[in-house]
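Heads up: the structure comes next, in structure tokens.
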Amino acid sequence: MSFPVLESDRLNLIDLNQSHAVHLFNQFSREDVTRYYGMDPITTMEQAEKMITNMNKGFMEKRSARWGIQLKETGELAGTIGLNNLQLWSKKCEVGYDLHPDFWGKGYVKEALEKVLSHCFETLELSRVGAVTFPDNEASWKLLLKMGFEKEGLLRNYLYQGGKTHDAFVFSITFEDWNRLH
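If you count the sequence shown from 1, position 162 lands on 162 in the working numbering, and the numbers rise without skipping.
This is the structure in structure tokens:
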């Protein structure tokens with residue numbers, strides 16, 4: 001099964017490989033990036049390499065997919081976006097995304113999310129895409145609402161990070177929602 005490369009006006013959503021480990025290290029070693037990611041900052045290049053290995057393994061096992069968000073104009077990797085808990089048999093998954101702070105506020109996640117959701121509903125024929133955010137991550141949950149996701153509620157003590165549990169908001173968009181918006 002080949003990895004689906006997706007394209008938008010400004011972005012290529014690409015398969016991540018070990019050549020991207022330096023970027024992932026530079027991004028995920030930052031507390032301002034991992035603060036709302038559900039993990040503590042990484043501290044070694046080996047951890048970044050293992051992240052990529054695990055992402056690729058998840059895709060080969062048909063339980064996840066993670067794209068690099070690459071800028072067409074410069075070839076720079078701005079972040080990643082992906083599907084977690086992918087369950088093709090029950091037609092659902094969760095989406096997650098991250099960006100290096102140098103690329104915040106430029107609309108890249110919105111553009112990437114549009115392409116990934118299109119892939120989910122039109123190619124994979126999923127019926128639901130969920131998302132989980134920290135309640136304090138206002139930028140993320142506002143984007144989800146803007147993209148047509150509905151807030152379903154609060155998951156108490158759902159995330160564990162920094163030695164303690166955190167609540168999370170849960171959102172979803174369904175195939176019917178997607179079709180109504182597109």
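Note that beta-carbon positions come from the ideal geometry of N, C-alpha and C, so glycine has one too.
DSSP places L145 within a helical segment (H, G or I) once states are collapsed to three. Excluding five sequence positions before and after F175, the CB atoms of its chain that fall closer than 6 Å to its own CB belong to F121, S127, given in chain order.
Distances from the alpha-carbon of R66 to those of N85, F134, E73 put N85 closest. Within 10 angstroms of the beta-carbon of E94 lie 16 or more other beta-carbons, which makes it buried. Cβ contact annotation for D167 (same chain, cutoff 7 Å, sequence separation greater than five): P135, L154, L155, R156, N157, Y158, in chain order. For S64 against G82, the beta-carbon gap comes to about 6 Å, under 8 Å, which counts as contact.
In the DSSP assignment, I42 falls outside any alpha helix (DSSP H) and carries neither an H nor an E.
By DSSP's assignment, C93 forms a beta bridge with V129.
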